[in-house]
Every structure is written in C-alpha cells, then in structure tokens.
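Here the structure is laid out as structure tokens; the discussion comes afterwards.
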Amino acid sequence: MMLLPCLLLILSACVSATQYRIPRLSPTDRDSEALSSPLSDDFKTFYYNQTLDHFNYRPESYTTFAHRYIINFKYWGGANSSAPILAYLGAEGPLDNDLNVVGFSTDNAAQFGALLVYIEHRYYGKSIPFGSREVALKNASTLGYFNSAQAIADYADVLIHVKKELHAKDSPVIVLGGSYGGMLAAWFRLKYPHVALGALASSAPILYFDNITPHDAYYSIATKDFRDVSESCYETIRDSWSKIETIASKPDGLSILSKEFKSCRCSEMVMPLSTGNDTMFPAYNFELGSFIDYCNELYRVSPRPHWVTTYYGGHDIKLILKRFGSNIIFSNGLRDPYSSGGVLHNLSDSLLALHTPNGSHCLDILRANETDPQWLVEQRETEVNIIKGWISKYYADLGSPNNI
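Quick note on numbering: the sequence shown equals residues -17 to -1, 1 to 387 in mature numbering (1 follows the signal peptide of the UniProt record, and there is no 0).
Following this line, the structure appears as structure tokens:
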C-alpha cells in the first residue's frame, strides 16, 4: 500500500483543499537531487554570466547570475569536422538527476560524433538569480523573471557562447527535452531557428492551453490506464478520496497531506485540468478566476492564461506550424495522460508525430536498457534516423563533405 501515495502524487487531482495542484511536468523525479548518483568524469561543469532580463533595457535588466551548464566532450568529432551538438534543455528542476536518467544524448552520441550540452533552467539547481533561492522566490518582483520566454533566451545565449568558445560555428545544434522541457525544445526551435537545426520534443503537451484540449482529458487517460491494468486498483483509488477528505478536515489535516503529496507552485503554465463523474477521481471543474486568486494569495503573481498561445502559437496549430515550422519531432506515449495535449499527427514532412500505444511519459528519451520492448527500440531508432536526415541535409546545404 505504500505505492499508493506515490501513484496519487503523480496522477491525482486534488481534493477540495488542494484543488489547484497540477501534476508536475517532468521526465524524472525532481525532488531527489540529493539521491543522484555521482556523475561520470566525462561531464564538465561550466557557468555562464547570464543576463537577468533579455527583453528590457532598464539598468536592472543587465543584472547577471551564474548559469550552470554541463558539457560531455567524450564523443565529439571536433569543430573542424562540424560535428553536431545535442543540447538537453533543463526543465523544472536541477540538472543533476537528468544527467543520469535521460539517456538519449549519451546513448546516441557516438554515432553522431556529438558534443553533449546540458543547460539548467533558471531558478533551479545552481542557476539561481539574486544570489539565493530564498531571495529569488521572495516576491512578485523577483519572480517576474521566472518564465519560459526568459529561459529559452538563456538557452540561446549559452549555445551561442559555447559554439563561439569552441570555434564550432558550423556545428548544427539539435535541442531535446521532455515534458515541460519538451515544450521548451519545440518552442526553442520555433523562436530560435538560427540557433537550433531541429528539436526532439518528448511528451510535450503544447496543446494543453487556452481550451485547445478538453479540461478532463488528462484524468480520463489516467483513469483508463489504471482500469485497463486492474479494476481492483481503479476501485481502490476511487474509494480513497473520502478517506483523504476526512484527513483534510482535521485541524492539522492540510499539513499532513502537504507532507505526503507536496504542493505545486503557480507558474505561467495555466493548464486547466478538470475531472468528470466518469473517472476514478472526485469530480472537479477548473475555474480560472479561483485559480488566479489562489496564485495571487500564495505568490502575489497573476497567471496569464492566454499568453502561451499568444507567444508561441497553439490554436489552429496545423495551419500555423505548417506555414513556418520545421524539423520538430513530437513523441508521445498514449498511456501518458499528457499525450492528450500533445501533437499526435504529422503536420508536414518535417513536423513529425511519433506515438506508441503503450508508451509512458518521456520514455523514449530515458536511458536505454536490455529490457526495453522492441517497439521502444524502434521508436528511438526512428528518431535517430530522422535527426540524421536533418543533419545530412544541413551538411549538404553547408557544402560540407561530412555525412553520418
């Protein structure tokens, strides 16, 4: 029964006391930094003097902070060969765990002759503005620089810096990420096509915004996953909510639940998640006004529910991306509840959707092992071959004799 709280942490809609909690977007367990195994000596840590605000010219905008990135040189063919760069874009947590768990880059680096770059997301790990996490998260003013637009601008700065320092001007860059990081990878390719040749966006729910996807889609898939495997498990979880409500009603109930389930912070990512009466979760209808009040009360920050689709696009995505997007792989496992907000159909010859019926969240970019099913092996091979095609075409356009 100890597994049940873990499963609920990942998949639960909150009971009334914690109803605005959103399941974390993450390919790994972001809370286990201290348990990370030691890094190989192949990984070298660097810090870039990162600009606090990329989009204003006020004096305070030029404040800088130490931005961590990590490089693995082991497989790189070198600048003279225009060998590619595989850049992993960090998401909502420290880089440390991802380096050991996310294996797509290291598993395939040798056949690409690739330089591996891993860039941490601002406000996480060791990439904290204002000197400390306590100060950085203190109020709305310091939190104002904590958003995806600033983060992908950070990534662009670091990648341009790395290419300059290593004299790798002609080395093509492929960015990749999972979940929120997958969204960042896709958006990075759209916003900085001159920096990244292509993107692998694993389990990236870029359509779970602004009412593009039905609000109850996430928990409908979560319910189906459990019910397909075990009717008993489904019934157990469905019956558990009354017990959780009983605990929550006690004087110290919320503190007990917060220790068990932990609470999620508000962000710019307003992903409305509701539940109907046909799931194993208690019925709940997402209310934007109440969610905004909740965020204001906790952090004095007002989410912008329409900004993601305004800034990155989203509505009529097939028409929009087909006109100006290219070289993005959207990979999804259909057992992943967030696949409901993913791109599941090809949008063009180079905007490709790969999905597997039995795949789970970010599975394709995790480290390969001997027990992987054949369909997962084939999915990864397909992704590698697509990326090879992008790079070969780039070399042809560059006039380079290189081929991979």
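The C-beta atom is built at its ideal place from N, Cα and C for all residues, glycine as well.
Taking Ser110 as reference, the option from Asp90, Phe95 and Gln133 with the minimal CA-CA separation is Gln133. Counting the other Cβ atoms within 10 Å of the Cβ of Trp373 gives 16 or more, which makes it buried.
The residue from Lys226, Ser186 and Gly96 with its alpha-carbon nearest to that of Asn55 is Gly96. Counted as a single uninterrupted DSSP element, the stretch harbouring Ser186 is not any beta strand (DSSP E), since DSSP gives it neither H nor E. In the DSSP annotation of this structure, the continuous segment of the beta strand (DSSP E) that includes His50 starts and ends at Thr47 to Asn55.
The Cβ atoms of Gly308 and Leu142 do not sit closer than 8 Å to each other. Just so you know, the alpha carbons of Glu366 and Phe129 end up roughly 31 Å apart.
Distance from Leu69 to Ala93 at the Cβ level is roughly 11 Å; contact not present, criterion being Cβ atoms closer than 8 Å. Residue range Ile68 to Leu72 is occupied by the beta strand (DSSP E) that includes Ile68.
CA-CA distance, Thr46 to Leu126, rounds to 14 Å. Annotated three-state conformation of Asn315 is strand, per DSSP. By the neighbour-count criterion, in which a residue is buried when 16 or more other Cβ atoms sit within 10 angstroms of its Cβ, Ala123 is exposed. Ranked by Cα distance from Val360, the first of Phe87, Thr292, Phe38 and Pro21 is Phe87. The continuous stretches of beta strand (DSSP E) do not include Asn352, and DSSP gives it neither H nor E. Leaving aside the five residues that flank Gly297 on each side, the residues in its chain whose CB is nearer than 7 Å to its CB run, in chain order, Ile189, Leu190, Phe192, Asp193, Ile195 and Val291. Sequence-distant partners of Ala66 (beyond 5 residues in either direction) whose C-beta falls short of 7 Å from its own C-beta, in its chain, are Trp59, Gly60, Gly96, Ala97, Leu98 and Ser154.
Rounded to whole angstroms, the separation of the alpha carbons of Ile348 and Val85 is 6 Å. As the crow flies, the alpha-carbon of Asp36 is around 5 Å from that of Ser44. Ala168 is a Cβ neighbour of Leu159, given a cutoff of 8 Å. Rounded to the nearest whole angstrom, the C-alpha separation of Tyr31 and Tyr217 is 48 Å.
Annotated three-state conformation of Ile157 is strand, per DSSP. For the options Val178, Glu148, Ala187 and Leu183, the alpha carbon positioned closest to that of Tyr163 is the one of Ala187. With contacts defined by Cβ atoms closer than 8 Å, Ala351 and Asp140 do not form a contacting pair. Here Leu337 carries a strand assignment [DSSP, helix/strand/coil]. Between Leu327 and His338, the gap from beta carbon to beta carbon is short of 8 Å.
DSSP, read as helix, strand or coil, puts Val141 in helix. The Cβ atoms of Val100 and Val145 lie closer than 8 Å to each other.
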